[in-house]
Each structure stands twice: as structure tokens, then as C-alpha cells.
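Beneath this line is the structure, given in C-alpha cells, with notes to follow.
Protein chains in written order, with the working numbering: chain V, 78 to 464; chain H, 78 to 464.
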């Protein structure tokens, strides 16, 4: 049983005067969401390695570690660099083409580093980097369970890659094999309809496990999962670790997929009505440079780029770069220029990536606190460790 | 006659080693594109006020001013702040809801500031800010010519707003009326098919002009246009000023609309192939956090998120946050992990907004130069004026 969401935290007075668009984070809901995920993982004996691409904030990663995360997942060398001060175990879930692995090699020595890999092409490069850095880079072999993006497609090819890793003493020392990794990003079905899709994922994964086990090479770690499949993870036999990202905040997709309720959405973009000139709509100052122009994928036939937290019948029907158009056709609300709204974006990860910072509020926060996002961008972190 | 595009500039050697994804700018093509726009504007007696939301770079704005721009268009207070050192005439083409106008009031005294407005709601606020700042804020009344986003819809309502501005001595002193402004963002037709759409825009605009002229209030400035309509601007009677943004770089949309050739595209995202595991495709490290997930709107039925500059038959068929999937079905190319490609995004403005900086190259640049993007983000510019 999921814990009930916390009652809405009062918004600081500054919500009426702060310049918009700006992103707000309800810290009570963040803590609730972390607790729900950790409770699920514990109940099913799964390690929890949240993906920090969603928030890019060491301060939030620290909360995840404190809540029980076994490590963190990152998508870029910069995310690894800014998260190293708050976690001792990092997984780069992206093939590290040159010159990215050098940055992993230069991470603090106390951090265990793993990388995902789906072919032998990068092995010489990674082995050289690991040797020169004097640290192992643990390899998780990425397998394709149906998404068709990255990942070894045939179980025999995965076995061959694993055999190469463990069969060569030089490689094995610098690039120890840790297990398998997959991302079922193609499974975006409502919780009630996930059985069949998850059974297919389990079957695909099972074929890899069978071949590896048959060769006497059972994987130590089997890391998989996403936020849409989060609460179906226990239906995937062999899984040892989950990597949800979005679940810290949730978004319009999460709600439509039944993974969260609107009362669990912790992230919104505060925007101001700037025009009511065209009948039937209102225009706000949050567009594709604050919400992202990310189509709504959860429900076929439904469009738009977000909805209002407090008036979910109002959708963001269209966006330009700095304009969002609210469709008022299903609402009795008559907005005026200057009114403020809180928008739930379709996909929170890409909206966070557009913000300078996040404003945190909640019962344990005085006014608005500022959450820095040093994981944004790509450059090497040269300053003192952030946060 | 448009000048022919310059021959391709040689790429610096570092193109093979710089970390990807990163955006490259061909400065020879930038200069060509600015020249083409200025030449068109001069030939038709139009002022050119380029929109800097596309590049957010004072260094590029300076080139526009040097090439003959009469002023700059900005979308946010921050863009105004970072552009003030390089231009003496700025237009905020967005309704300045509180507390944004205060930042306009604080711009250097030598800068003339105009704002777009489509209703009377903000007049008391703007008048107070102008009075307290001791500077006028020139008002351009925004009218809707068919896009249905922002803008006064009825000519009589526009007249009423103008009459209020000019009829009240207090208002007229602080908020002098400068003319009309419109944005035909709904016109995205190939150049060959723009006649009818532009005729509709001209008719809509004409209705506003007729009512204002009939009341003895002809507008001094009529500012309009976009990059898709750029070279049709002379077909809109009464127009005095054009505001193209994208035209400095161009993008996949520009090319598909016939506004530019692929040889005039000055902006690409350099990416590296990270996986060839799934047959028929290659995966690169540029996804929605480098290209943006902006659908291709120029040609109905064609999708994807970009194409390769050097192999335009290869499209970016899908994007995740840090992955782009290249569809190889129309190509004989067999990419390998580590190969590098240059991607033309669908919509350049939102891709630039995702970069830390741009790397410039060309005949007058030694290696890669760095173009800073201080117009990104929203915070007040507190440091010394950026380049």
C-alpha cells in the first residue's frame, strides 16, 4: 500500500511577486515520492539507483542517498562530476565515447564507477583510460529488451561480449564485468495494462539470462526499469536494481500512466497570464523554453504540453518559445492579465533542464529555498564541488 | 538576386576530438546570411530589427548591428540586459507583466526601449515604471493577423487602445505610442505557396491600418515578419520593419520552407555515434537536450528531429534526452561507433538555448572560437556587461 500523499504545503507569499516563468518544487511531495519508491524497492528486495538526469541537483541527490539509494545513475560526465561529492557509487547509463571516459577516470578515488556498454568497439579505449587512471571501470552490458535504441539485440552477442570481458585477464582487471543493464523506455502503458508489456520485457531479458547462465556466467547485477514501469518491476524475474528518474517529481505523463496522482506531482512551472486578447484562451509567459515542446505520449489522441495543477481541465494547447496558450474551452475560469498559474509539464526532465534553478517550498522550508542545478550543461566541473 | 552561399569553410582539426554534443557555427555563412537579409531589407526600404532570441549572444548581435540592423528584438528582460551594451534600440516583443518592466526601466539611459502590448491592463503598471525610471517606454500595439496567440483581434479595440495612449497626456509622456506590431507565426508555407497566406496577412493588417488612418492616427512603425515570411515581407503593404530571428543560422525548417538552401545553414550540432547495435540505425549522443524535441512542421507527413548536414538523406528519427536515433534506411552509409556527424536541427532557436556555448569556425577564425550565450536563462545580469 502506497502512503497517502501529504496535504498541500502552503505557498510562500513570494509566489505572487517572483518573476515568472520559474519552477517550483514542493519538498513535502519530493520526500513522499522518495519514500514511496524506497518502500517499494525494499518490499521487493531491489536496489534503488535513481537517475539524476531528472533533477541535476546534488541537493536532491543527497536526499535520495539519505532515503536509501544504493547509488546514482547519471547520463553525462558532468552529472557524474557534480554528483561525486554526494554518492560513492555512480553508473553512467550511456556509452562513454572519447573523450568522455577520461572524465570518469578523474572522479574522486572513493567513488565506484560503472558504465553501460553494448558492443566491443570501446573496450580498448576504456581499458586504456582505466589503466591510466589506476581505477577499474565496472561494465554493465546493455541489452535491448524491445525499445530498439541502445543495447545488444541477440543473447549470443551479449554472451560473446561478456566472455571477452571475463576471458582476458588484462580487460578483467581494468573493466570488471558487473552484470546486465536495460531500459524499457518503450513501455508507456497505463499501470492497468502493463502486464503484457512487462511479460514481453521479462521474456526478452529471460533469454539473455538463460544464455549467460547456461554458459556459467550469471550476472551479478541486473539493472533495469523506468518511472512508467516502476511499480511493475517485481514482475521482471532476475531484476536486482531499478533506476527511476522522473519519480522524484512526477509529471503529466506519470499521472496519465497511473504511476502517480496529481497530488503527488512535486514540480510545476509558475507562469503569469500575459494576454487574454483572443477569446477562448489565455496566454502565459511559459513556452517551449520553460516547459519544453515535448508531446504528450501517455494518452493517444490527447495533445498539448501540460496542464494546470489547480485547474487540471485547462491544458497548455500550444507553445511558442516564450508563450504558452491555455485552452479554456473546458473551464469556467476567466483569467485576467497578471493572474498566476502552476503548470505540470508533460515531461519533467526536459523542463528542469531549461531552468536556472528551482524554488523549493514546504513545511520544512522558510519562504522559497533555491535548489541549484550544476548538473545542467556539459563542461568539466572546475570549481569547488557544488552544493 | 540573393548572393550565392560561400564555399564550405574548412573545419578545425579539433572537430575530431572535442567532446560532443556541441554546437558549431560557420561564421562565413552567418555573415552571408546577415548580408542577404540586410540586402533584402534595403531593397524594399524596410528597417531590420533581428530577433536575438535565436542566438542569445551579444557577439552575434554586434555583427547584426554592424551589418545594418536598426535595433534588436528581445523576448525577455535578460536578453534586453545582455544586448544593451551592443545596441541603442531594443524592442521587447512580449507583454511585460510585473515585475519584468522594472528591469527594462533599469537599462542604460542611452537605450531606447519599446514594448509590445495588446490590451490596457498593464498600462498603469508600465506608466508607473516609466515615471519612476525617468524614461519613456515606447508602446507598439500588437495586433493579431491570424496567428491567434497574442494581439488585439478587432481593429476597433486597437484604435481604442491607441486613443487611450495618445489621449491622456500623462500616459503619452511616459508611454509614447510608436505604432503597430504583429507576428505571422502561423504562416509556414513554402515560398512558392506564400502568396495567398501573405495576402490574408496583408488584408488583416490593412483593416487595422484603415481604422487607425480613418481616425487620423496612422502608425509611425509597422513591425512584423518572421523568417518563414522574410522574403515575402514586401508583399505586406504598410510594413516598415522586419524582425527575423532564425535567418542568422537557418535550420531544417528554413530549408524545407525554401527560405534558405542547405548550403546556407550556419548552425549544426556535432554528435558522435555511440551505438550501432540495432540494425538499420545508428545512435548518437545528441538527443532532446541538445537538439530539442521539436516536431518538424514545415512538411506535413515528414517527421524526425533533424537531418545530417553532409548526408541529408539521414534523418534523426527519434530522440531521447541524450540519444538521437539516425534512420539509415535511405542511406548507403555504414557508421561505426566513434564516427562524428553534424546535425541540422528542426528549429535552431530552441537548440541554441540548450547549449553552454557555441564553437565558431570559418576563414576569419583560428581553430574554434567560443561564442558565449549570456542571454540564456532569466536572472538579472549583475556582473559586468558580457561581450
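All C-beta atoms, glycine included, are put in the ideal place defined by N, C-alpha and C.
- For residue 125 of chain V, the beta-bridge partners assigned by DSSP are V/319.
- Exclusion of the five residues before and after residue 306 of chain H leaves 261, 264 as the residues of its chain whose Cβ lies within less than 6 Å of its Cβ.
- Contact fails between the region 368 to 379 of chain V and the region 207 to 220 of chain H, because fewer than three Cβ pairs, one in each stretch, are under 8 Å apart.
- Nearest to residue 342 of chain V by C-alpha distance, out of V/94, V/138, V/105, V/300, is V/105.
- Between residue 363 of chain H and residue 330 of chain H, the CB-CB gap reaches or exceeds 7 Å.
- The Cβ-Cβ distance between residue 86 of chain V and residue 439 of chain V falls below 7 Å.
- Residue 348 of chain V and residue 95 of chain V have their alpha carbons spaced roughly 10 Å apart.
- By the neighbour-count criterion, in which a residue is buried when 16 or more other Cβ atoms sit within 10 angstroms of its Cβ, residue 170 of chain V is buried.
- By a beta-carbon distance limit of 8 Å, residue 236 of chain V contacts residue 289 of chain V. Their separation comes to about 6 Å.
- Contact annotation for residue 433 of chain V against chain H: 454, 455, 456 [CB-CB distance below 8 Å, chain order].
- Between the region 383 to 399 of chain H and the region 290 to 302 of chain H there are fewer than three C-beta pairs closer than 8 Å, too few to call the two in contact.
- A distance below 7 Å between beta-carbons, with the five flanking residues on each side excluded, links residue 123 of chain V to the following residues of its chain, in chain order: 310, 316, 317, 318, 319.
- Following the DSSP letters along the chain, one finds residue 248 of chain V in no beta strand (DSSP E) but inside the alpha helix (DSSP H) bounded by residues 246 to 251.
- At least one beta carbon of chain V lies nearer than 7 Å to the beta carbon of residue 152 of chain H.
- Take the alpha-carbon of residue 412 of chain H and the one of residue 155 of chain V: they are about 27 Å apart.
- Assigned with DSSP and collapsed to three states, residue 421 of chain H falls in strand.
- With a minimum length of 4 residues, the unbroken runs of alpha helix (DSSP H) contained wholly in the region 324 to 374 of chain H fall at 329 to 333.
- If you keep only unbroken alpha helix (DSSP H) runs of at least 4 residues inside the region 249 to 311 of chain H, you get 271 to 291.
- Of the candidates H/186, H/292, H/194, H/408, the residue whose Cα lies closest to the Cα of residue 212 of chain H is H/186.
- Residue contact check for residue 366 of chain V against chain H: a CB pair falls below 7 Å.
- Within 9 Å of the CB of residue 199 of chain H, the CB atoms of chain V belong to 351, 414, 415, in sequence order along the chain.
- When C-beta atoms of the region 134 to 150 of chain V are compared with those of the region 173 to 183 of chain V, fewer than three pairs fall below 8 Å, so the two segments do not count as touching.
- DSSP places residue 431 of chain H outside both helix and strand once states are collapsed to three, so it counts as coil.
- From the beta-carbon of residue 411 of chain H, no residue of chain V is found nearer than 7 Å; the closest lies around 13 Å away.
- C-alpha of residue 388 of chain H to C-alpha of residue 373 of chain H: approximately 18 Å in a straight line.
- The criterion of a C-beta distance shorter than 7 Å is satisfied by residue 141 of chain H and residue 127 of chain H.
- Considered as a whole, the region 104 to 186 of chain H harbours 149 to 151, 166 to 169 as its complete beta strand (DSSP E) runs of no fewer than 3 residues, in chain order.
- Residue pairing by DSSP places residue 447 of chain H opposite H/436 in a beta bridge.
- Against chain H, the CB of residue 370 of chain V has a partner CB under 7 Å away; the residue lies at that interface.
- Classified as exposed, residue 233 of chain H has fewer than 16 neighbouring CB atoms from the shown chains inside 10 Å of its CB.
- Selection V/224, V/138, V/410 evaluated against residue 158 of chain V yields V/138 as nearest (Cα-Cα).
- Residue 400 of chain H carries a coil assignment under DSSP once its states are collapsed to helix, strand and coil.
- With respect to the C-alpha of residue 245 of chain H, the residue from H/197, H/410, H/417, H/457 having the closest C-alpha is H/197.
- Cβ-Cβ distances below 7 Å link residue 88 of chain V to 438 in the same chain, with the five nearest sequence neighbours on each side left out; the list follows chain order.
- Using a Cβ-Cβ cut-off of 8 Å, residue 253 of chain H is close to nothing in chain V; its nearest Cβ partner there is about 21 Å away.
- Taking 7 Å as the cut-off between beta carbons, the residues of the region 208 to 242 of chain H near chain V are 221, 225, 226, 227, 228, 229, 230, in sequence order.
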